[in-house]
Ligand code: TRP
Ligand code: SF4
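Residue numbers (my numbering): 700 to 1099.
Spelled out as structure tokens, the structure:
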């Protein structure tokens, strides 16, 4: 039983590269051992910007899943699925659209930014405006409370929180709520249950903020409560209704910026990437032809690592001794640039070797991946259906 549920998604718009590995996938791989994790391919999100090139999406969905598995995302520890195979996301998106003020969507910074950036595309579509809402549905449908994302996505998480709050405010009066909350309090055990009741009374009758804090801390420590019971107890504590949807928190992926072949951030749009499973000869060639400090025209000219993109890669891959070797060798012209690049080539190839190996076993037998995803979709769908039942009931659609 996990206390936290993590969810994250990625759009299948191109081959993954080492920037994705260092920036996102390594983090997922750590998280999958610590939390319940759901990771999915956001193919509908890809369509919001790539609606005129569906072949890009089709091609990249399975490639991306191979990349995840190659990197070490482990289907025994994380649930992997494809957004469009869990159509409940679309139903929640629709139902949430009923209560989403247009102004909230128009104010999300990525909306105008992306429209201005991607001028070659017409993004004045309904789907694109609804991008953050679809993302909210992705998150809320699993009652995920933590969402690992990059800085650029924080406004989307904030949007999701506001929407969950609005939903709970509008529909959070669950029939029999008090009864269910009291039943949940019993599950704390008699001693902790009594403490919870005492703290709750002190807060509600005397407005004792310290009691509120203490009760929250008590709930946060509980490992054996279901998410929904925990949300009930939080709601009961403060006298509000049931939290039908859980407000998620962004988990900022550490700002580790993976430098590309030109020293700028590695990104498809700068054409400075090394693909996750790029073949060894190509990796070697790409690094051997990387630009270096322009002052080193001849082998005998000393250089300055600070002015060289290769140094950025040594910062990612080299240990202290290696870095000292580069610093001294470069500044004294004691080493040549190709010599300096070799350890980087070796490190990248060593990093990729297990990935290539893992990928090979999946590429040999594509049914493996199909099965992993079929399993993941089924698990995800079960969770999604539970939430949808509550949402439909809350919105007056629970006819039976
Ligand atoms: N918008 C995210 C991105 O571009 C992808 C995404 C879609 C996502 N749905 C999500 C991320 C839900 C986290 C949670 O990176
Ligand atoms: Fe760059 Fe290394 Fe050449 Fe110095 S020696 S310029 S750090 S590649």
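Beta carbons are placed, not taken as given, at the ideal position from N, Cα and C, and that holds for glycine.
Query, Result
"Quick check on the DSSP output: what are the complete beta strand (DSSP E) runs of length 3 or more inside the region 913-957, in order along the chain?", "948-951"
"Taking just the CA atoms, how far does residue 901 sit from residue 976?", "59 angstroms"
"May I have the straight-line CA-CA distance separating residue 891 from residue 930, to the nearest angstrom?", "17 angstroms"
"State yes or no: is the C-beta of residue 984 nearer than 7 angstroms to some heavy atom of the ligand SF4?", "no"
"Note the first and the last residue of the continuous alpha helix (DSSP H) segment covering residue 1086.", "1065-1093"
"Roughly how many angstroms lie between the CA atoms of residue 913 and residue 847, to the nearest whole one?", "28 angstroms"
"Would you be able to state if there are at least three C-beta pairs under 8 angstroms between the region 700-719 and the region 754-761?", "yes"
"Taking Cβ to Cβ, would you say residue 869 is nearer than 8 angstroms to residue 835?", "no"
"Look at residue 769 and residue 1069 and say whether their C-beta atoms are less than 8 angstroms apart.", "no"
"Just to check, is the beta-carbon of residue 842 closer than 7 angstroms to a non-hydrogen atom of the ligand TRP?", "no"
"Excluding the 5 residues flanking residue 1055 on each side, which residues of the same chain have their C-beta closer than 8 angstroms to its C-beta?", "769, 976"
"How would you write the range of the alpha helix (DSSP H) that residue 1001 sits in, first residue to last?", "Residue 1001 -> no alpha helix (DSSP H), and no H or E assigned at all."
"With a threshold of 16 other CB atoms inside 10 Å of the CB of residue 816, please say whether the residue is buried or exposed.", "exposed"
"Tell me whether residue 1007 sits in a helix, a strand or coil according to DSSP, three-state version.", "coil"
"Could you tell me which uninterrupted alpha helix (DSSP H) segments, each at least 4 residues in length, are contained entirely in the region 1019-1064, listed from first to last along the chain?", "1019-1030, 1036-1063"
"On a CA-only basis, which of 1043, 1007, 951, 950 is nearest residue 986? Give me that one, please.", "1043"
"Among 788, 831, 792, 782, which one has its Cα closest to the Cα of residue 802?", "831"
"Kindly examine the ligand SF4 and report whether one of its heavy atoms sits closer than 7 angstroms to the Cβ of residue 1040.", "yes"
"Short check: CB of residue 779 to CB of residue 772, under 8 angstroms?", "yes"
"Touch check for the region 967-976 and the region 933-952: three-plus C-beta pairs under 8 angstroms?", "no"
"Leaving out five residues on either side along the sequence, give the residues of the same chain with a beta carbon under 7 angstroms from the beta carbon of residue 1097.", "1091"
"How is residue 764 classed by DSSP in three states: helix, strand or coil?", "helix"
"Can you list, in chain order, the residues of its chain whose CB lies under 7 angstroms from that of residue 1033, leaving out five sequence neighbours each side?", "1027"
"Which one of 1087, 1003, 989 has the shortest CA to CA distance from residue 1025?", "1003"
"By a C-beta neighbour count over all protein chains shown, 10 Å radius and 16 as the cutoff for buried, is residue 842 buried or exposed?", "buried"
"Quickly, what does DSSP pair residue 708 with across the bridge? List them, please.", "739"
"With distances taken from CA atoms, which of 739, 744, 1000, 751 is nearest residue 763?", "739"
"For residue 725, tell me which candidate among 1036, 953, 1073, 1049 has the shortest Cα-Cα distance.", "953"
"In the DSSP assignment, the alpha helix (DSSP H) including residue 827 goes from what residue to what residue?", "825-828"
"Going by CA-CA distance only, name the one from 960, 922, 1048 that's closest to residue 980.", "1048"
"Do you know whose CA, among 938, 705, 798, lies nearest residue 1094's CA?", "798"
"Please go through the region 765-828 and give each complete alpha helix (DSSP H) segment of 4 or more residues, from N-terminal end onward.", "787-796, 801-806, 808-816, 825-828"
"What do you reckon, are the CB atoms on residue 822 and residue 748 nearer than 8 angstroms?", "yes"
"Report the three-state DSSP secondary structure of residue 845 (helix, strand or coil).", "strand"
"Where does the unbroken alpha helix (DSSP H) through residue 892 begin, and where does it stop?", "889-905"
"Do residue 741 and residue 853 have their C-beta atoms within less than 8 angstroms of each other?", "no"
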